[in-house]
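J.:
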Amino acid sequence: MSYPELLRVQRLLLVFTIIVAIPVVVTVCVGFFSHGTVSTGAGAHTLITSYSLRDSIAEQFTRERKSVPFFALESIAGLAALVIASILGGFLANERSHTPLAWTKPVSRERFALAYMGVDAAGIVASFLIALVLGVFGIMWGLGMIRFTTVDPDVWTTLLLVGGGAFAYYGLVRAASQAFPERPSAIAGASWPILLGLAAMHAAPIPTALHDIIVALNFLNPLAYFGRVESNGSDTGLLPLAGPLRIACLWLLAVVYGAVAVVLYRRAEA
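To convert, take the position in the sequence shown, counting from 1, and add 719; that gives the working numbering.
1) Can you tell me whether V745 is buried or exposed, with buried defined as 16 or more other CB within 10 angstroms of its CB?
2) Check this for me: beta carbons of P903 and A812, under 8 Å apart or not?
3) Quick one: what's got a C-beta closer than 8 Å to Q729's C-beta in the same chain, skipping five residues either side?
4) Roughly how many angstroms separate the alpha carbons of W860 and F831, rounded to a whole number?
5) According to DSSP, simplified to helix, strand and coil, what is V787?
6) Do you know how far the Cα of R828 is from the Cα of P963?
7) Tell me, to the nearest whole angstrom, how far the beta carbon of V874 is from that of F790; I am working on the premise that it is less than 8 Å.
8) Counting Cβ pairs closer than 8 Å, one from the stretch 774-781 and one from the stretch 795-804, do we hit at least three?
9) To the nearest angstrom, how far is the alpha carbon of Y976 from that of G908?
10) Let me check understanding here. Comparing Cα to Cα, which of S721, R985, P742 and L939 lies closest to T856?
11) Whole angstroms are fine: how far does the CA of H921 sit from the CA of L929?
12) Would you mind working out which of A918, I858 and P959 sits nearest V749, comparing C-alpha positions?
13) What is the rounded straight-line gap between the Cα of A918 and the Cα of A935?
14) Starting from G916 and walking both ways along the alpha helix (DSSP H), at which residues does that stretch end?
15) Leaving out five residues on either side along the sequence, give the residues of the same chain with a beta carbon under 7 Å from the beta carbon of N951.
16) Any idea if D871 is buried or exposed, counting beta-carbon neighbours within 10 angstroms, 16 or more meaning buried?
17) Tell me where the alpha helix (DSSP H) around L929 begins and ends.
18) What is the rounded straight-line gap between the Cα of E991 and the Cα of L731?
19) I843 and I906 - do their beta-carbons sit closer together than 8 Å?
20) Hey, how far is the Cα of F865 from the Cα of L983?
21) Just confirm the distance between the C-beta atoms of S896 and G809, as a whole number of angstroms; I'd bet it's less than 8 Å.
22) Which residues in the same chain have their Cβ closer than 6 Å to the Cβ of S721, if we skip the five residues on either side of it in sequence?
23) Determine the closest residue to L726 out of A799, L801 and A841, with distance taken between C-alpha atoms.
24) Spatial neighbours of A800 within its chain, please: C-beta separation below 6 Å, excluding the five flanking residues on both sides.
25) Could you tell me the distance, in whole angstroms, from the CA atom of I806 to the CA atom of R893?
26) If R773 sits next to F751, beta carbons under 8 Å apart, how far is it from one beta carbon to the other, in whole angstroms?
27) Between which residues of its own chain and A973 is the CB-CB distance below 7 Å, once the five residues before and five after are set aside?
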């Protein structure tokens, strides 16, 4: 029933994994094989010490007592998952090119759409893990920075935020591509400048009436909800919402957009 979607997701994740692996391999090679020298002393007492980039970074982090918060790594992986979610959002519209065949299957249209959504959801989660484990941790290991990673309570709030954002973005693109099924890839690509531009206009010097409209539209914009959410409830988000409420609204958007996409698919004629 959802085997074609499974193949699409597998191909996308394979390409994504290759793209993520390239900077990791480059970083590991540079980290281990890039060396420099430091000369200390003078004359016959000169001591030349060779050091790698990994050693240099570790020495600097130790000396300056720096650390890398884990929520920052989650945010990077979450951005990658957002990109994959926007691509996956247009996949169901591909079935609209042969809807008579798809709808002869012994399942309801709702179940058909939900089955595809389940495969896509697994793909979004997998993309996040690939970006985090292979990409972010791989680069961190190549630079010798993993031991300087710190975990704090913001890890869970950030995870909920990036997860809700990815699924809300997926639902938005999926609903839009069901409303205009001719160009799902174009819809997914155009969504980025449109949503980023809408978020940027939030702080633009525009008339009050237009600003209020922009603020209202940004409540429907998954990208407008991003910002650091502290464990104590404070945040740096674009919208005037406390951290927990912002996360709840983002997941509500994901549910609403997903439901709208299913309804549009069920009512489609061709």
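All C-beta atoms, glycine included, are put in the ideal place defined by N, C-alpha and C.
T.: Here's the rundown:
1) Looking at its Cβ environment, which holds fewer than 16 other Cβ atoms inside 10 Å, V745 is exposed.
2) Taking 8 Å as the Cβ cut-off, P903 and A812 qualify as a contacting pair.
3) Around Q729, the same chain offers no residue with a beta carbon nearer than 8 Å, after the five sequence neighbours per side are excluded.
4) So the alpha carbons of these two residues sit roughly 42 Å apart.
5) In the structure shown, V787 sits in a strand (DSSP, three-state: E or B).
6) Distance from the CA of P963 to the CA of R828, rounded to the nearest whole angstrom, comes to 35 Å.
7) Indeed, because the Cβ distance is near 5 Å, the residues count as touching under 8 Å.
8) By the Cβ rule, the stretch 774-781 does not count as touching the stretch 795-804, because fewer than three pairs are nearer than 8 Å.
9) Y976 and G908 have their C-alpha atoms some 18 Å from each other.
10) Residue 856 is actually Phe in this sequence, not Thr. The residue with the shortest Cα to Cα distance from F856 is P742.
11) So the two alpha carbons sit approximately 10 Å from each other.
12) Per the Cα distances, I858.
13) Cα-Cα distance, rounded: 11 Å.
14) For G916, the enclosing alpha helix (DSSP H) covers residues P903 to A919.
15) With a pLDDT of 48 at N951, under the threshold of 50, the predicted position of this residue should be treated as unreliable, though the coordinate-derived value follows. Around N951: no qualifying Cβ.
16) With fewer than 16 other Cβ atoms inside 10 Å of its own Cβ, D871 counts as exposed.
17) According to the DSSP assignment, L929 belongs to the alpha helix (DSSP H) that extends over T927 to N937.
18) In the structure displayed, the chain extends from 720 to 989; residue 991 sits before or after that span and is not available.
19) Their beta carbons are not under 8 Å apart, which means I906 does not touch I843 by this criterion.
20) Reading the sequence as shown, one finds Ile at residue 865 and not Phe. I865 and L983 have their C-alpha atoms roughly 46 Å apart.
21) Sure, about 5 Å apart at Cβ, within 8 Å.
22) Here the set comprises A834, Y835 and V838.
23) Considering only alpha carbons, the answer is A841.
24) Excluding positions up to five away in sequence, the list reads I843, S846, F847 and A885.
25) Roughly 9 Å separates the two Cα atoms.
26) The distance from the Cβ of R773 to that of F751 is about 7 Å, consistent with a contact at the 8 Å cut-off.
27) If the five residues before and after A973 are omitted, its C-beta is found closer than 7 Å to the C-beta atoms of G883, F886, A887 and G890, all from its own chain and listed in chain order.
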